[in-house]
Amino acid sequence: MSFDELLTIPEQDEWVYSDEKSTACVAFILEMYKAAGVFGPLANNIQVTEFTIRDAYTPKLFESNQTRLPSWCNTEEEKLDFCQILGEYRMELFCCL
(Lines of atoms letter the chains of each structure in order from A and count residues from 1; the text may use other names and numbers.)
(Lines give C-alpha, C1' and ligand atoms only; values in the text may rest on other atoms or scores of the structure.)
Protein backbone atom coordinates (compact mmCIF):
# COMPACT_ATOMS: atom_id res chain seq x y z
CA MET A 1 0.00 0.00 0.00
CA SER A 2 1.35 3.41 -0.94
CA PHE A 3 1.46 6.34 1.48
CA ASP A 4 -1.14 8.16 -0.65
CA GLU A 5 -3.49 5.17 -0.36
CA LEU A 6 -2.89 5.03 3.37
CA LEU A 7 -4.01 8.65 3.73
CA THR A 8 -7.35 7.89 2.06
CA ILE A 9 -8.41 5.32 4.67
CA PRO A 10 -11.07 6.90 6.90
CA GLU A 11 -10.23 6.81 10.59
CA GLN A 12 -12.48 4.37 12.42
CA ASP A 13 -14.17 5.32 15.69
CA GLU A 14 -13.07 2.10 17.36
CA TRP A 15 -9.34 2.49 16.62
CA VAL A 16 -7.15 2.52 19.73
CA TYR A 17 -3.68 3.99 19.51
CA SER A 18 -0.61 3.11 21.56
CA ASP A 19 -1.53 5.70 24.19
CA GLU A 20 -5.29 4.96 24.30
CA LYS A 21 -8.22 6.11 22.21
CA SER A 22 -7.60 9.47 20.59
CA THR A 23 -10.42 11.86 19.84
CA ALA A 24 -11.11 15.55 19.33
CA CYS A 25 -13.83 17.58 21.06
CA VAL A 26 -16.05 17.51 17.98
CA ALA A 27 -15.80 13.72 17.79
CA PHE A 28 -16.78 13.46 21.46
CA ILE A 29 -19.94 15.52 20.85
CA LEU A 30 -20.84 13.56 17.73
CA GLU A 31 -20.21 10.27 19.55
CA MET A 32 -22.83 11.39 22.10
CA TYR A 33 -25.24 12.21 19.25
CA LYS A 34 -24.53 8.79 17.75
CA ALA A 35 -25.10 6.98 21.07
CA ALA A 36 -28.33 8.94 21.62
CA GLY A 37 -29.69 7.75 18.28
CA VAL A 38 -29.66 11.15 16.57
CA PHE A 39 -28.31 9.61 13.35
CA GLY A 40 -30.92 6.85 13.35
CA PRO A 41 -30.24 3.91 11.03
CA LEU A 42 -27.21 5.70 9.55
CA ALA A 43 -25.29 5.50 12.85
CA ASN A 44 -23.33 2.38 11.91
CA ASN A 45 -22.10 4.07 8.74
CA ILE A 46 -20.89 7.26 10.44
CA GLN A 47 -17.32 7.64 11.66
CA VAL A 48 -17.40 10.65 13.98
CA THR A 49 -13.61 10.90 13.97
CA GLU A 50 -13.86 12.00 10.33
CA PHE A 51 -16.06 15.03 11.12
CA THR A 52 -14.82 18.60 11.31
CA ILE A 53 -16.26 21.27 13.59
CA ARG A 54 -18.30 22.66 10.69
CA ASP A 55 -19.64 19.18 9.98
CA ALA A 56 -20.96 19.06 13.54
CA TYR A 57 -23.33 21.99 13.09
CA THR A 58 -24.22 21.90 9.40
CA PRO A 59 -26.58 18.89 9.52
CA LYS A 60 -30.17 19.87 10.18
CA LEU A 61 -30.19 18.36 13.67
CA PHE A 62 -31.40 21.41 15.51
CA GLU A 63 -34.83 23.00 15.87
CA SER A 64 -35.00 25.89 13.39
CA ASN A 65 -38.52 27.09 14.22
CA GLN A 66 -37.94 29.72 16.92
CA THR A 67 -41.57 29.59 18.03
CA ARG A 68 -40.96 26.03 19.22
CA LEU A 69 -37.95 26.97 21.36
CA PRO A 70 -38.43 27.56 25.09
CA SER A 71 -38.92 31.23 25.99
CA TRP A 72 -35.73 31.29 28.05
CA CYS A 73 -33.60 30.40 25.01
CA ASN A 74 -33.65 33.89 23.56
CA THR A 75 -34.41 37.26 25.05
CA GLU A 76 -35.41 40.44 23.22
CA GLU A 77 -31.86 41.77 23.64
CA GLU A 78 -30.09 38.65 22.43
CA LYS A 79 -31.54 36.54 19.63
CA LEU A 80 -29.90 33.40 18.28
CA ASP A 81 -31.08 30.93 15.67
CA PHE A 82 -30.57 28.15 18.19
CA CYS A 83 -31.01 27.55 21.91
CA GLN A 84 -27.82 27.89 23.91
CA ILE A 85 -28.45 25.98 27.12
CA LEU A 86 -25.32 26.80 29.09
CA GLY A 87 -22.27 29.02 28.89
CA GLU A 88 -21.16 32.57 29.36
CA TYR A 89 -20.00 33.10 25.77
CA ARG A 90 -21.97 32.72 22.56
CA MET A 91 -20.60 31.39 19.31
CA GLU A 92 -21.62 32.60 15.87
CA LEU A 93 -22.33 29.56 13.69
CA PHE A 94 -22.20 30.81 10.13
CA CYS A 95 -23.81 29.16 7.14
CA CYS A 96 -26.39 26.68 8.05
CA LEU A 97 -28.69 27.14 11.00
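In my numbering, the protein residues as written are 46 to 142.
Heads up, the beta-carbon is just placed ideally off N, CA and C, and yes, glycines get one too.
With a cut-off of 8 Å on Cβ pairs, the region 73 to 80 is not in contact with the region 115 to 124, counting fewer than three such pairs. Of the candidates 114, 73 and 86, the residue whose Cα lies closest to the Cα of residue 94 is 73. In this structure, residue 114 lies near residue 108, with their beta-carbon atoms less than 9 Å apart.
Residue 52 sits exposed, since fewer than 16 C-beta atoms from the chains shown fall within 10 Å of its C-beta. Beta-bridge annotation (DSSP): residue 65 is paired with 62. DSSP places residue 98 in the helix class (H, G or I) of the three-state scheme. Along the length of the region 66 to 94, whole alpha helix (DSSP H) runs at least 4 residues long occupy 70 to 80, reported in chain order. Comparing C-alpha distances from residue 57 to each of 50, 96 and 134 shows the shortest one belongs to 96. For residue 52, the enclosing alpha helix (DSSP H) starts and ends at 48 to 52.
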